[in-house]
Amino acid sequence: NSFAGGIGTYANPYLIENAEQLAKAVTNTAETGKYYKITEDIYINDVSEDNWAENSPNKWFDTSIVKQYFEGTVDGAGHTVYGLYNNSGSTSGLFPKAQNTTISNLRISDADITCTDGNVGAFVGFGAGVLNFNQCGVEEDVVITATKGASGFIGYGYPSASINECY
Numbered sequence: 006n007s008f009a010g011g012i013g014t015y016a017n018p019y020l021i022e023n024a025e026q027l028a029k030a031v032t033n034t035a036e037t038g039k040y041y042k043i044t045e046d047i048y049i050n051d052v053s054e055d056n057w058a059e060n061s062p063n064k065w066f067d068t069s070i071v072k073q074y075f076e077g078t079v080d081g082a083g084h085t086v087y088g089l090y091n092n093s094g095s096t097s098g099l100f101p102k103a104q105n106t107t108i109s110n111l112r113i114s115d116a117d118i119t120c121t122d123g124n125v126g127a128f129v130g131f132g133a134g135v136l137n138f139n140q141c142g143v144e145e146d147v148v149i150t151a152t153k154g155a156s157g158f159i160g161y162g163y164p165s166a167s168i169n170e171c172y
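Position in the sequence shown (from 1) plus 5 gives the number in this note's numbering.
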């Protein structure tokens, strides 16, 4: 899977237009300091039915799969990620692990993330370093549950976090 375009620089970011390309970005932990821009709303799962999370949805990543930190800059360009789903024992979030990362202009809607033995964050499950969030949102239909850990916008970690104009 390749990105829709770009080379990962500030002037020419990697372009993300679907769930496969978003997955590539989230798991692109070997390349640090890269720039990404989301160009379309992303559907990880079909959320057209009220009970979408009960019908064998595509499972998103957790720290049992993504063991390294994502480190980069993501511009959501006003788009929304729909259908984020994970139900496991490991820490999870849109970015299971992130450090020294900036995420801007991105929303998460229709998500269901549960962790039985770890931390859950809508955007970042476990954070480190400096995390910056600008004009990001978590819609009211997002369900985040951590039965033995922390949960929220960022699940847990030791970040210095800056959250500006987010909801």
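Cβ atoms here follow ideal geometry from the backbone N, Cα and C, with glycine treated the same way.
With residue i as the anchor, note down where its alpha helix (DSSP H) starts and where it stops.
| i | result |
| --- | --- |
| Q104 | No alpha helix (DSSP H) holds Q104; the beta strand (DSSP E) holding it covers 100-114. |
| K29 | 24-31 |
DSSP on residue i, reduced to helix/strand/coil?
| i | result |
| --- | --- |
| V52 | coil |
| A127 | strand |
| A35 | coil |
| A16 | coil |
| A58 | helix |
| N69 | The question names Asn, but residue 69 in the sequence shown is Ser. Coil at S69, not helix or strand. |
| F8 | coil |
| S97 | strand |
| D146 | coil |
| D117 | strand |
| Y172 | coil |
| K153 | coil |
| N63 | coil |
Look at the Cβ atom of residue i, then the Cβ atom of residue j, and state whether they are nearer than 7 Å.
| i | j | result |
| --- | --- | --- |
| T85 | D51 | no |
| T68 | Y40 | no |
| L2 | I43 | In this structure the chain extends from 6 to 172, so residue 2 is not present and cannot be described. |
| V109 | G130 | The sequence given here places Ser at residue 109; Val does not occur at that position. No, the Cβ-Cβ distance between S109 and G130 is not below 7 Å. |
| T121 | G157 | no |
| G154 | N124 | yes |
| A127 | V148 | no |
| T37 | E76 | yes |
| F66 | P101 | yes |
| E22 | A9 | yes |
Whose C-beta lies closer than 6 Å to the C-beta of residue i among residues of the same chain, with five residues either side of it excluded?
| i | result |
| --- | --- |
| G132 | A103, I159, G162, P164 |
| G11 | N17, P18, Y19, L20 |
| A35 | none |
| Y172 | G142 |
| Y87 | Y48, V52, S114, D115 |
| L27 | I21, I47 |
Can you name the start and end residues of the beta strand (DSSP E) that residue i belongs to?
| i | result |
| --- | --- |
| I20 | The question names Ile, but residue 20 is Leu in the sequence shown. Here the beta strand (DSSP E) through L20 covers 19-21. |
| F158 | 156-169 |
| D80 | 77-87 |
Please determine whether the Cβ atom of residue i lies at a distance below 6 Å from any heavy atom of the ligand NAD.
| i | result |
| --- | --- |
| A16 | This structure simply doesn't include the ligand NAD, nor any ligand for that matter. |
Going along the chain, which residues of its own chain have a beta-carbon closer than 7 Å to the beta-carbon of residue i, five neighbours each way excluded?
| i | result |
| --- | --- |
| A58 | Y90, D117 |
| A24 | I47, Y48, I49 |
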